[in-house]
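In what follows, a single structure is set out as structure tokens and then discussed.
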Amino acid sequence: MEDIQRIKRIVSGLYDQYGDISWWPGDSDEVIIGAILTQQTRWENVEKALEILRKQNISSVEQINRTDAGKIEDAIRCTGFYRVKTRRLKELARFITESFGSVSEMSSHEDNDLRKGLLSVNGVGEETADSILCYGFGRCSFVIDAYTERICRCAGVKAGKKDLKALFEAAIPCENNKYRLVHAHIVEFSKEYCVKKRCEECWIKNLEE
DNA sequence: GACCAGGTCCTTG
DNA sequence: CAAGGACATGGT
Numbered sequence: 002m003e004d005i006q007r008i009k010r011i012v013s014g015l016y017d018q019y020g021d022i023s024w025w026p027g028d029s030d031e032v033i034i035g036a037i038l039t040q041q042t043r044w045e046n047v048e049k050a051l052e053i054l055r056k057q058n059i060s061s062v063e064q065i066n067r068t069d070a071g072k073i074e075d076a077i078r079c080t081g082f083y084r085v086k087t088r089r090l091k092e093l094a095r096f097i098t099e100s101f102g103s104v105s106e107m108s109s110h111e112d113n114d115l116r117k118g119l120l121s122v123n124g125v126g127e128e129t130a131d132s133i134l135c136y137g138f139g140r141c142s143f144v145i146d147a148y149t150e151r152i153c154r155c156a157g158v159k160a161g162k163k164d165l166k167a168l169f170e171a172a173i174p175c176e177n178n179k180y181r182l183v184h185a186h187i188v189e190f191s192k193e194y195c196v197k198k199r200c201e202e203c204w205i206k207n208l209e210e
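According to our numbering, the residues represented by the first sequence are 2 to 210, in order.
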């Protein structure tokens, strides 16, 4: 079976299993901040940090620009890597302000402009950039993470990690809600089966028939 | 106590 | 280019 076909089956199987779920809600500013905070970190800890940031009025890009690094570090400590993440938040916020003016002004730019810009910031890799595009700006930019790769390996997809983004984008109709849903499904499925090593119960490895 | 989490960057070979 | 380490806290 072709890779693309396998991926389509994964996508529809996941939808059958989980249906419509709400995942990573929040305005553009919070998604941008959360995208940095969630790097290599459990989402529950990110939520705690976001709550603290909200209470302290540091939950927008503009406020990140204005707030002392030390104060941000304290607020996001529970997400780990808090010094690097503070530096990344600062650099990203400064970049956004300097090259776009503001978060709302980013909306008028094309996906590719935004993506290239985001990727030029130290600390923003592909997954972070695509998360911001998909969940923060409603674009059709598919997020590939470690789980996606794992599931694809498990399903017998031959393409390497680098090619997965293009494959998923070819397999999914370009509707933002589908994009966010599929990525969400992959994460939920992975936590439920791969992480808990319940591989015997996993249908992904039997896509053939 | 060991091991991992919704990554990314930097250094080495 | 691939592999290995650093970044750090919190949960199982």
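Think of the CB as a built atom: it goes at the ideal place given N, C-alpha and C, for glycine as much as any other residue.
All values reported here derive from a predicted model rather than from experimental measurement.
Selection from the options that minimises the alpha carbon distance to residue i
i       : options                              : result
Ile-205 : Leu-93, Thr-149, Glu-176 and Ile-173 : Thr-149
Leu-182 : Met-2, Ile-5 and Tyr-16              : Tyr-16
Ala-76  : Leu-38, Glu-189 and Asn-177          : Leu-38
Lys-198 : Glu-74, Asp-131 and Cys-155          : Cys-155
Val-188 : Ile-22, Tyr-83, Ala-130 and Phe-96   : Ile-22
Glu-193 : Ile-5, Tyr-19 and Met-2              : Tyr-19
Close beta carbons around residue i, own chain, < 7 Å, minus the five adjacent residues each side
i       : result
Glu-48  : none
Leu-134 : Asp-112, Leu-115, Arg-116, Arg-140 and Ser-142
Residue range of the alpha helix (DSSP H) that includes residue i
i       : result
Met-107 : 104–107
Asn-55  : Looking at the sequence shown, residue 55 is not Asn but Arg. It spans 44–56 - the alpha helix (DSSP H) in which Arg-55 sits, taken as one unbroken run.
Ala-160 : First-last for Ala-160: undefined, no H or E at that position.
Asn-113 : 112–120
Glu-209 : Segment: none, Glu-209 is in no alpha helix (DSSP H) and carries neither H nor E.
Asn-177 : 177–190
Leu-134 : Note, Leu-134: premise wrong, no alpha helix (DSSP H); not H, not E.
Ser-100 : 83–101
Inter-residue Cα distance where the pair is residue i and residue j
i       : j       : result
Arg-7   : Leu-168 : 10 Å
Ser-1   : Ile-34  : Here the chain has residues from 2 to 210 only, and residue 1 is not among them.
Gln-57  : Glu-106 : 25 Å
Ile-152 : Asn-207 : 12 Å
Gly-71  : Lys-166 : 37 Å
Val-32  : Lys-9   : 27 Å
Ile-118 : Ala-160 : The sequence shown places Gly at residue 118, rather than the Ile named in the question. Spanning the two alpha carbons is a distance of roughly 27 Å.
Val-122 : Ala-94  : 10 Å
Ser-13  : Gly-124 : 33 Å
Lys-162 : Asp-30  : 29 Å
Tyr-83  : Cys-203 : 36 Å
Ala-130 : Val-158 : 24 Å
Beta-carbon contacts of residue i that lie in its chain and below 6 Å, excluding the five residues immediately before and after
i       : result
Lys-179 : Ile-173
Trp-25  : Tyr-136
Contact set for residue i: own chain, Cβ-Cβ below 8 Å, skip 5 residues either direction
i       : result
Gly-81  : Gln-41, Thr-42 and Asn-46
Gly-102 : none
Ser-250 : Since the first and last residues shown for the chain are 2 and 210, residue 250 lies out of range.
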